[in-house]
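Sequential numbering of the sequence shown, starting at 0, is according to this note's numbering.
Beta carbons are placed, not taken as given, at the ideal position from N, Cα and C, and that holds for glycine.
A short worksheet on the structure shown next.
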Amino acid sequence: MFNNAFDTLNVRSQFAKRTIYKVPVTDENYDELKAHADNIIQYISDLKTVQNLPILKSNRKVGFLGFIICLKNIFELWDVLKQLKLNYLLTFKLNQDHLETYFSAIRSRGGFNDNPNAQQFEAAYKRLMIRHEISASEKSNCLINDIHILHVSSTKNTVIQCGKLTISSEDVVKVTSACEKIIRQNNHLIFVKKDIKDFLALKIVNTVIDYAFTHDAMLEHIKNKKIFDNHRIQLIKCVIEVYVKIRLYREAKLSNDTEKK
0 MFNNAFDTLN VRSQFAKRTI YKVPVTDENY DELKAHADNI IQYISDLKTV
50 QNLPILKSNR KVGFLGFIIC LKNIFELWDV LKQLKLNYLL TFKLNQDHLE
100 TYFSAIRSRG GFNDNPNAQQ FEAAYKRLMI RHEISASEKS NCLINDIHIL
150 HVSSTKNTVI QCGKLTISSE DVVKVTSACE KIIRQNNHLI FVKKDIKDFL
200 ALKIVNTVID YAFTHDAMLE HIKNKKIFDN HRIQLIKCVI EVYVKIRLYR
250 EAKLSNDTEK K
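This is how it looks when you write it as structure tokens:
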């Protein structure tokens, strides 16, 4: 029962459909989710201590009251948010961990000062606003958000060697085969077209997007992730990036060797 309550209060993706408990709040499933939440609230209300005292009247009532308040509030909050034309509510976004993690980062800027003054807080706030990815403390009880900021490095990446070889999966073979085919079809553009790497990568993605990494386990995994955290697209792009980089490096080396002769 408590596992179901945690699932209801920790929905991360609007595509999650593993159980009725782990889905976003919408108008379509509002009544069903509300009924399940009421069952959980009733279950908690009926709990008693070993002294036969209702748990909600005991000295350990805080955590149980917290569950009840949170379960009630998500439906009352939805009644307000749907008036603002929201299609769904992800309960994970209401998690207090995000705020606690940020305050931890604020404290760490001042040597873990629990009581920074206004000037110290302003300085730490400005510093964290500029290209800074907050990381959680190892001793904290907060779950860090799995969204990463974008980094654009000005340094040049160099492929030195491939390292230890491994047997590729069927999906990786599909992607690399498409890479090779597209590269050969556009071989005449390699030393002519600007941004040839991005050009080839885009054509390859459009080619393999419908049939690479489409097994059931991957599709189910995607449904339980955020819409901008698509592991399937990330895998495809990573394979393409490495393969195209190696192939363009080889083409450049062959061209240089030919010119030297």
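Where residue i falls: helix, strand or coil (DSSP)
i: Leu127; result: helix
i: Lys202; result: helix
i: Gly109; result: coil
i: Met217; result: helix
i: Gln13; result: coil
i: Ile235; result: helix
i: Gln118; result: helix
i: Tyr210; result: coil
i: Arg246; result: helix
i: Thr18; result: coil
i: Arg59; result: coil
i: Asn185; result: coil
i: Asp194; result: coil
i: Gln95; result: coil
i: Ile68; result: helix
Pair within 7 Å by beta-carbon distance, residue i and residue j
i: Arg106; j: Asn112; result: yes
i: Leu8; j: Thr90; result: yes
i: Ile40; j: Leu64; result: no
i: Val22; j: Trp77; result: no
i: Arg231; j: Ile239; result: no
i: Ala177; j: Thr206; result: yes
i: Asn38; j: Tyr20; result: no
i: Val273; j: Ala211; result: Outside the displayed span of the chain (0 to 260) sits residue 273, for which this structure offers no information.
i: Ile43; j: Ile67; result: yes
i: Ile195; j: Ile189; result: yes
For residue i, the residue or residues it bridges with in DSSP
i: Val24; result: Leu88
i: Pro53; result: Lys47
Check: residue i C-beta below 6 Å from any heavy atom of the ligand MG
i: Ile43; result: Among the ligands in the structure shown, none appear at all, so the ligand MG cannot be discussed.
Below-7 Å beta-carbon distance, residue i vs any chain D residue
i: Val171; result: Looking for chain D here will not work: only one protein chain is present.
Span separating the alpha-carbon of residue i from that of residue j
i: Lys193; j: Asp26; result: 49 Å
i: Ile266; j: Asp215; result: Nothing about residue 266 can be reported from this structure: the residues present for the chain run from 0 to 260 only.
i: Tyr29; j: Asn86; result: 12 Å
i: Gly109; j: Tyr124; result: 11 Å
i: Lys180; j: Asn186; result: 10 Å
i: His35; j: Thr18; result: 12 Å
i: Asn255; j: Cys237; result: 27 Å
i: Ile54; j: Asn229; result: 42 Å
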